[in-house]
Structures are given as structure tokens and as C-alpha cells.
Amino acid sequence: MGVDGVSDRLTVSRLGGFLEWSLLMPRALVTGVTGQDGQYLAEFLNQQGYEVFGLVKGQSNTRADIVAEEFPFIEMVSGDLQDLTSLVSALEHVQPDEVYNLGAISFVALSFKQAELTANVTGLGVLRMLEAIRIVGGRDNPMRFYQASSSEMFGKVRETPQNEQTPFYPRSPYGVAKVFGHDITVNYRESYDMYACSGILFNHESPRRGMEFVTRKVTNAVARIKLGLQSELMLGDLSPRRDWGFAGDYVRAMWLMLQQDQPEDYVVATGETHEVREFVQLAFAAADIEDWERYVKQDERFMRPAEVDLLVGDATKARTKLGWKPSISFPELVTMMVEHDLKLESDKLRH
Ligand code: GDP
């Protein structure tokens, strides 16, 4: 299928009327659909004319209920990356054309505390999904697979900037589990001729980012400080550098990877790197607070046993082969997040 494969299929089938159209609509199954990337990807796929299914776990999953209400076009399917049988059932039910595996224990600091769980979900979960695709998919029913790999795999970086050939040196149980997920995806592609791709995405943020990540923690605290609801912001190390992009841009790259003739792996990044300190400074500035150092305190609790110092990606391959490039700059991203949190916190005050 070429880049236009999906839309071609939709145009042709639309001529045949609604029934055929809905039968021919491409179907995507997204794990981790309740997370930041899952939400952006589901929205994007819906706009592209997909039927979108989200894999959710548990008996009463409050987060899934909230997302289902906000995105009524997503059909939730029950399943768990720790349970192969449930993945087989989910695939049998959905019969997807594309599977996006975004589900993971994704917070690095938590992965040090729950290393085994992280290995099981973030690492072995990938293997289970690939096996499920082998069982349910096959020649008559090929299912394309996207694995959410991470720049955390580069960890103690071997070269700068990092590209698809850069050796991995993960620095956390999360990074180690992601390396397994990445390698097993490549292995299944090479062993079983599967259309499986791995996107090595550098940090990507948005107003939908979880509060545990430093960017959102900062923008939310800045909003609360501005509104007089909070007087200080406790942070860990301000010197690590990250390549931060906008999540909405990054899900487009995921989709593009699955529309190529050949399955390959791609680095997705902005190519710019900034210190945590710079993010903090810009966030305060976006709320017209210049003396930010008054409010920021260092707290041992937010330091990590091992740190990733400098991440910056070289996305030349994604740019040339996929035609992908980011649309939101670093200052625009920071401002977007601060403005969102200012509105969120003032709305809460009003109600
Ligand atoms: P990560 O790149 O996936 O680990 O994303 P995070 O947003 O969790 O962390 C980015 C960087 O910010 C890491 O190097 C952290 O050590 C650093 N950092 C400094 N203070 C904090 C904090 O209070 N919370 C978090 N999450 N990270 C912090």
C-alpha cells in the first residue's frame, strides 16, 4: 500500500454507498488508547476514515470510561498486554488492518520501582501482541504492526545526535524493556516476513501529557502559581537535556510508517535539545513570571538512580522517506501547555 493507499480505498468504496464504505473502512486497533499518544492517534485515524478500536484492561477502568465519553468513535475492546489469550480474542473480534502498540508502563521513575511489571507489560507485551498477530493474522489477513519504541533506549548515548543505527544503552528498566520490544519487533519482521515497524520517538508532550512527566508537572504548577493556588514547584535534576516535540505531530509519523511499501524503523524527533531548566524558564515566562528561581526547589525524591543526560534525535530518514516534519516549535509547545493549564485551573476555580 502506498501513502495514499488508505484514502484510495475509501474513495473507491464510497462510490458504492454507505454499507460497502463501512465494510471497507480500514480498521485500527490501538493499545494504550487512554494515554496521550493513544488519544491523538485515535483522533488522527478517525479523521483518516478508520474505524478505531481501543484495547482497554480491567473490570472497571475509570480512565477508559472518561476517554470513551470524550471520543465516542472509539470502540473499546477488552484485553491486556499481559494476557496472550485476551489479545488473540481482541484481534479475532476486531480483525484490524493495523495494530498500534502504544500500551506500556511508560513513566521512567516508576519503572525503577516496578521493574518486573515494566518488563512484563512494556517488554513481553510486545512479544505477546506479535504472537497474537501471527495466530490470528497470516497471509489472508495481514495485519500491519507499529511498535512504540523510545529514545530512552539510547540512554547513555553512544553518539550525538542519535539515529536508527545508534547502538542502545538503556538506563532504566523502562529503557531495557523498550529495547526488548524493539528487537523482538525487528526479529519477527525478519523471521516471519511481517509488516512490523518500530518508531523510535523522542520525548513528545502536549496538554494531554500525564502530570507525572516533567513538562506537564511544570506547566500545571506554573498555572497554579500564577493563580495563587500554589507557592512552589519541587523538581529533581534541572540539567538533563531532551528533544521535546508535540505529540500531535508524532502520531502522524506512526501512521505514515504503516503506509509504506516496506516496513522499516524510523527515528522521530525535532533535532533540537533543551535543558529541563530551559523548559521551566520558558513556562514561567509564558505566564509572565520572570523570577522563576524564587519558586523552584530541588527535591531528592525526584532524582533518579541513573539518568539519561542528553537526548537529541536525527530524523533525516523520517523526513526524507516519510515526508514527515514537526509543525510545532519548542516555544510554541511550552506556551500551548501553559495556556491550556491556565484555562484548566481557572475553570476549576470557577466551578
Ligand atoms: P523521560 O524522558 O521519559 O524520563 O521524561 P520525564 O518528563 O519524566 O523526565 C524528563 C527529565 O526531567 C528527566 O531527566 C528527569 O530526571 C528530569 N526531571 C527533573 N525533575 C523532574 C520531576 O520533578 N519529575 C520528572 N518526571 N522528571 C524530572
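In terms of numbering that gives the first Met the number 0, the sequence shown has 68 at position 69, counting the first letter as 1, and numbering is strictly consecutive.
Backbone N, C-alpha and C define an ideal beta-carbon position, used for all residues, glycine too.
These numbers were taken from a predicted model, which means no experiment stands behind them.
Contact test: residue i Cβ vs ligand 1 heavy atom, cutoff 7 Å
i	result
G312	no
L83	no
G37	no
K216	yes
N219	no
L234	yes
N202	yes
V107	yes
V213	yes
E151	yes
F111	no
P160	no
P239	yes
F245	no
F52	no
F301	yes
E306	yes
V275	yes
Chain-order list of residues whose beta-carbon lies under 6 Å from that of residue i (same chain, five-residue window excluded)
i	result
Y39	A246, G247, V250
F106	E211
V175	P169
G37	V29, G31, L101
M336	P206, T218
I134	V87
E97	A27, R143, L257
E74	F52
Per-residue burial, residue i [other beta carbons within 10 Å of its own, 16 or more giving buried]
i	result
M233	exposed
A27	buried
E331	exposed
N202	buried
E289	exposed
S148	buried
Beta-carbon proximity check, residue i vs residue j, cutoff 8 Å
i	j	result
D308	R240	yes
L44	G78	no
E351	Y294	A query on residue 351 cannot be resolved here, the shown segment of the chain reaching from 0 to 350 and no further.
A317	Y265	yes
G270	P172	no
E189	P169	no
S238	R276	yes
P120	I104	Checking the sequence shown, residue 120 turns out to be Val, not Pro. Contact flag set, yes.
L321	Y145	no
P262	Y187	no
L80	R127	yes
P95	F52	yes
F329	W254	no
Same chain only: Cβ atoms within 7 Å of residue i, ignoring 5 sequence neighbours per side
i	result
M210	K216, N219
M302	G235, D236
G15	Bear in mind that the predicted position of G15 carries a pLDDT of just 49, short of 50, making it unreliable; the figure below should be weighed with that in mind. Nothing meets the Cβ criterion.
Q229	A220, R223
Cut-off 8 Å between Cβ atoms - residues of its own chain near residue i, not counting five sequence neighbours on either side
i	result
T165	F153, V156, R157, E158
E306	R170, D236, P239
Quick one: which unbroken alpha helix (DSSP H) runs of 4-plus residues sit fully inside the region 183-235? Chain order, please. 213-225
Taking the runs of the alpha helix (DSSP H) that are 4 residues or longer, which of them lie wholly in the region 68-147? 83-93, 107-112, 114-117, 124-135
My parser needs the beta strand (DSSP E) runs of 3 or more residues fully inside the region 248-280; what are they? 265-267
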